[in-house]
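See below for the structure under consideration.
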Amino acid sequence: MVPTGRRRLSSLLTIDDMRAAARRTLPRMLFDFVDGGSGDESTLRRNTGGFAHYALMAQALTGGETRDQGRTLFGRRISTPVLIAPTGSSGLLWPRGEAEVARAAAAEGTIMEVSAGATLAIEEVAAAAEGARWLQLFIYRDRGITRDFAARARAAGYEALVLTVDCPVLGRRERDIRNGFTIDPRLSLGTLADAALHAGWWMRMARTPRVTFRNFEPYGGGGVVDMARYISTLIDPAVSWKDVEWLRGIWDGPLIIKGILRAEDARHAVSLGCDGVQVSNHGGRQFDGTLGAIEALGEVVDAVAGKVPVLLDGGVRRGSDVLKAIALGACAVLIGRSHLWGLAIAGEAGVRHALALLKAEIDLAMAIGGWKSLDEINRDSIRRVVPLPDAL
Numbered sequence: 060m061v062p063t064g065r066r067r068l069s070s071l072l073t074i075d076d077m078r079a080a081a082r083r084t085l086p087r088m089l090f091d092f093v094d095g096g097s098g099d100e101s102t103l104r105r106n107t108g109g110f111a112h113y114a115l116m117a118q119a120l121t122g123g124e125t126r127d128q129g130r131t132l133f134g135r136r137i138s139t140p141v142l143i144a145p146t147g148s149s150g151l152l153w154p155r156g157e158a159e160v161a162r163a164a165a166a167e168g169t170i171m172e173v174s175a176g177a178t179l180a181i182e183e184v185a186a187a188a189e190g191a192r193w194l195q196l197f198i199y200r201d202r203g204i205t206r207d208f209a210a211r212a213r214a215a216g217y218e219a220l221v222l223t224v225d226c227p228v229l230g231r232r233e234r235d236i237r238n239g240f241t242i243d244p245r246l247s248l249g250t251l252a253d254a255a256l257h258a259g260w261w262m263r264m265a266r267t268p269r270v271t272f273r274n275f276e277p278y279g280g281g282g283v284v285d286m287a288r289y290i291s292t293l294i295d296p297a298v299s300w301k302d303v304e305w306l307r308g309i310w311d312g313p314l315i316i317k318g319i320l321r322a323e324d325a326r327h328a329v330s331l332g333c334d335g336v337q338v339s340n341h342g343g344r345q346f347d348g349t350l351g352a353i354e355a356l357g358e359v360v361d362a363v364a365g366k367v368p369v370l371l372d373g374g375v376r377r378g379s380d381v382l383k384a385i386a387l388g389a390c391a392v393l394i395g396r397s398h399l400w401g402l403a404i405a406g407e408a409g410v411r412h413a414l415a416l417l418k419a420e421i422d423l424a425m426a427i428g429g430w431k432s433l434d435e436i437n438r439d440s441i442r443r444v445v446p447l448p449d450a451l
């Protein structure tokens, strides 16, 4: 039986267990939409495999009865350095998926980056829970849409904007092309056999109103089915640093720039007044053949020289991955696929389970490693190593 609901979550001991359960839960084209990357998916593999190139160095006789894995970001204290990354179309995996994720993040004491490509309006996500939220957005061809998103975010209580800069055009996701992926769940079961194999998902979604891009309804795009085609008409491929300056000028809250892999880009972002840098390659879904996020992290951390917090998203599957990123200088990490597997399995409870697994692994690693707080973990706590053959 596929593990679903609270009574079955306890049997899922790792994020990889949750991925396997989600594979059995979702129709293939939906699983591949979440799981896949662009091209040969080499960047996707570098994201996860890159952590194997580092080993944590435990220290002796320095532990404590309890450990503190909390962090403070832009004045907000969170319980763990694991945030929720922005993931579009989460409502395909579970009815009103973004609301489920918002409630889970709030309950676990962390921050959710809400995607502009959500299936719920940003106002609906804000109303779902009292927790902290940041809004991820793009610079659109019509700058008025970007300006409007910023105003809506402010009105709905979003604490920061996360400008994504690694998506001037959409990458070629070959699994989606082969599967004929669209965002309309009424079209997502290609055969009766597939429906029978994933009856639980199908029955949940059949009772749900048609999935749309609610955020774009005011601009005439809410009901589109071909997500890639619609987004490609909105995003401006000629976005430049001048547009970052423009956004900085209309948003007076924290501004994070997401999609940075190079030191000079990080320094430029800081010089323009960005308040944070998010090391990311879009989860390997855009540019195949580029660095894994963890491989770029150290260079970016050195470039900003402590002037702003550095975040990392891409490839985090274990609590030890989180601590390796912290040791290299990240303030926190974000999980995308890892929380989506939980969402697909059991909605809010599944997302909470994913976060709880990582929090427990972080605590255990800190206890054994001799660190009472994240502030004690630094580059003396990590070494570059040759990966074991089975990690390659």
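Add 59 to the 1-based position in the sequence shown for my numbering, that's all there is to it.
C-beta atoms are modelled at their ideal positions from N, C-alpha and C, and glycine is treated no differently.
Beta-carbon to beta-carbon, Ile427 and Ile143 are separated by about 27 angstroms, too far to satisfy the 8 angstroms threshold.
Contact between Val141 and Lys418 holds, with the beta-carbon distance rounding to 7 angstroms and staying under 8 angstroms. Comparing alpha carbon positions, the residue from Arg82, Trp193, Leu152, Arg232 closest to Gly406 is Leu152. DSSP lists Ser174, Val221 as the bridge partner or partners of Gln195.
Bridge pairing for Gln337: Lys317, Leu370 [DSSP]. Bounds of any alpha helix (DSSP H) do not take in Ile294, whose DSSP letter is neither H nor E. When the beta-carbon positions are compared, Thr178 and Phe272 come within less than 8 angstroms of each other. By the C-beta criterion, the region 214-234 is judged to be in contact with the region 183-192, since at least 3 inter-stretch pairs fall below 8 angstroms.
Thr267 sits in coil when the DSSP states are folded into three classes, being neither helix nor strand. Judged by beta-carbon spacing, Gly429 lies within the 8 angstroms limit of Gln118, meaning their Cβ atoms are closer than that value.
For a cut-off of 8 angstroms, the C-beta gap from Gln345 to Ser97 is around 6 angstroms, short enough to register as a contact. C-alpha of Lys301 to C-alpha of Arg200: approximately 14 angstroms in a straight line. By the C-beta criterion, the region 346-361 is judged to be in contact with the region 302-321, since at least 3 inter-stretch pairs fall below 8 angstroms. DSSP places Leu142 in the strand class (E or B) of the three-state scheme.
Between Ala219 and Pro313, the gap from beta carbon to beta carbon is short of 8 angstroms. The Cβ neighbour count for Ile436, taken over all protein chains shown within 10 Å, is at least 16; the residue is labelled buried. When only Cα atoms are considered, Ser101 and Leu416 end up about 27 angstroms apart.
Rounded to the nearest whole angstrom, the C-alpha separation of Thr267 and Arg136 is 35 angstroms. A residue is called buried once 16 or more other Cβ atoms fall within 10 Å of its Cβ, and Thr205 is buried on that count.
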